[in-house]
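Here the structure comes first, spelled out in structure tokens, and everything after it is commentary.
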Amino acid sequence: MAPVTRRHSSTIAASTTAVSGSPQPMSDQQSLGIAILAGGRSRRFDGRPKGCLTVDGRPLLQRVIDAASPLKHPMWLGRAADPVPALASALNRTGLPQLVDDQPDVGPLGALTTSLAHTDCDRILLLACDLPFLTESFLAWLLSQATQATVVVPGDGDHLHPLCSVFHRRCESPLRDCVEAGRFRAHDFIFALDDVHVVPRSKWARFDEGGLLMNVNTDQDLERAETLAQSL
């Protein structure tokens with residue numbers, strides 16, 4: 335599938351209704367899009383595409399898509415230019431637009447840079463593809479917390495969850511500076527910003543029936559996720 339560009343405004347950029355429940359909510363003139371990071375080179379898991387790994391019989395990528403789709407915002411997949419064949423096929427089967435990373439080997443910050451450059455969205459909900467226990471209710475609530483802060487990110491003590499966060503277009507310039515300087519860690523980028531709204535765990539714990547924001551980086555994580563899925 336060909337990469338999307340700003341010409342695909344009817345697919346990618348759309349106005350959203352105002353979200354409530356925050357001191358400075360997004361206005362109804364702002365638009366929000368959802369970028370799911372699908373990767374592509376499968377350097378972990380012995381070359382198996384992470385998004386194609388299954389938990390409770392469903393691919394990780396599809397589980398994230400299923401959680402985000404009911405939000406009814408424009409959604410696309412961020413991927414490398416050369417995904418392994420199994421992942422390329424899986425991405426095409428979703429029917430979602432695909433954005434090829436402008437800057438390879440930069441990771442999530444590169445994908446966010448690409449999404450900001452090639453869409454007209456004021457805000458982007460950035461999601462990793464390896465969050466098997468995301469729920470529609472939690473994501474809808476997270477969007478309701480979207481203030482005018484540059485980043486709205488769930489926090490758990492000193493740990494942040496940048497790959498389930500809302501980024502305002504204002505971050506585009508400092509983001510590019512960060513990437514050009516070779517600083518690719520999402521945590522470091524967020525900590526360097528002045529205007530960040532960290533949503534503490536005490537606010538979102540009620541949505542966590544188990545593993546809400548756990549990600550899958552190792553075979554052990556995958557086994558733990560499978561065990562947890564069987565218990566939910």
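Residue 472 in the working numbering sits at position 138 of the sequence shown, and the numbers go up by one each step.
Quick reminder that beta carbons are idealized off the backbone N, C-alpha and C, glycines included.
Limits of the alpha helix (DSSP H) - the one that R535 falls within: What you label residue 535 is simply residue 201 of the sequence shown in a count that begins at 1. Boundaries of the alpha helix (DSSP H) around R535: 535 to 538.
Near the ligand ATP: L476 beta-carbon under 7 Å from a heavy atom: In the structure on display, the ligand ATP does not appear, and there are no ligands present to speak of.
DSSP three-state assignment for L395, whether helix, strand or coil: Counting from one through the sequence shown, the residue named residue 395 turns up at place 61. The DSSP-derived three-state label of L395 is helix.
Buried versus exposed call for L566 [16 or more other C-beta atoms within 10 Å across all chains shown]: Locating residue 566 in the sequence shown gives position 232, where the first residue counts as 1. L566 counts as exposed, since fewer than 16 other C-beta atoms from the protein chains shown sit within 10 angstroms of its C-beta.
Rounded C-alpha distance that separates V533 from L433: By 1-based counting over the sequence shown, the position of residue 533 is 199. By 1-based counting over the sequence shown, the position of residue 433 is 99. Using only the alpha carbons, I get a separation of about 28 Å.
R427, DSSP secondary structure in three states: Here residue 427 corresponds to residue number 93 of the sequence shown, with the count starting at 1. Three-state result, R427: helix.
For P438 and A414, believed in contact at Cβ under 8 Å, the rounded distance: Along the sequence shown, one-based indexing puts residue 414 at 80. Along the sequence shown, one-based indexing puts residue 438 at 104. Between the beta-carbon of A414 and that of P438 there is about 6 Å, and that keeps the pair under the 8 Å contact cut.
In chain order, each beta strand (DSSP E) run of at least 3 residues that lies wholly inside the stretch 448 to 510: Scanning the stretch 448 to 510 for uninterrupted beta strand (DSSP E) segments of 3 residues or longer gives 457 to 462, 485 to 490, 498 to 502, listed from N- to C-terminal end.
Where the beta strand (DSSP E) through R413 begins and ends: In the sequence shown, the residue the question calls residue 413 occupies position 79. In this chain, the beta strand (DSSP E) harbouring R413 covers 409 to 413.
Q564, enclosing beta strand (DSSP E) - first and last residue: As a first step, residue 564 must be located in the sequence shown, where it is residue number 230. Here Q564 belongs to no beta strand (DSSP E); instead the alpha helix (DSSP H) covers 553 to 565.
CB contact flag (A401, L468, <8 Å): For the purposes of this step, residue 401 is taken as the residue at position 67 of the sequence shown. For the purposes of this step, residue 468 is taken as the residue at position 134 of the sequence shown. Closer than 8 Å, so yes.
Under 8 Å between C-beta atoms of L509 and L387: Looking up residue 509 in the sequence shown gives position 175. Looking up residue 387 in the sequence shown gives position 53. No, the pair does not count as a contact, with Cβ atoms beyond the cut-off.
Assigned exposure category for G385 - 16 Cβ within 10 Å defines buried: Your numbering for residue 385 matches position 51 in the sequence shown. Burial state of G385 is buried, judged by a 10 Å Cβ sphere holding 16 or more other Cβ atoms.
Closest by C-alpha distance to S507, when choosing among L446, P488, I399: In the sequence shown, residue 507 corresponds to position 173, counting from 1. Minimum Cα distance to S507 is reached at L446.
For V418, the nearest candidate out of I399, D380, D390 (CA to CA): For the purposes of this step, residue 418 is taken as residue 84 along the sequence shown, with counting starting at 1. It is D380 whose Cα lies nearest to the Cα of V418.
Nearest-angstrom beta carbon gap, L411 and A462 [assumed within contact, 8 Å]: Locating residue 462 in the sequence shown gives position 128, where the first residue counts as 1. Locating residue 411 in the sequence shown gives position 77, where the first residue counts as 1. Taking the Cβ atoms as the reference, A462 lies roughly 12 Å from L411, outside the contact range of under 8 Å.
Cβ pair count under 8 Å reaching 3, the stretch 481 to 500 against the stretch 421 to 430: Touching, no.
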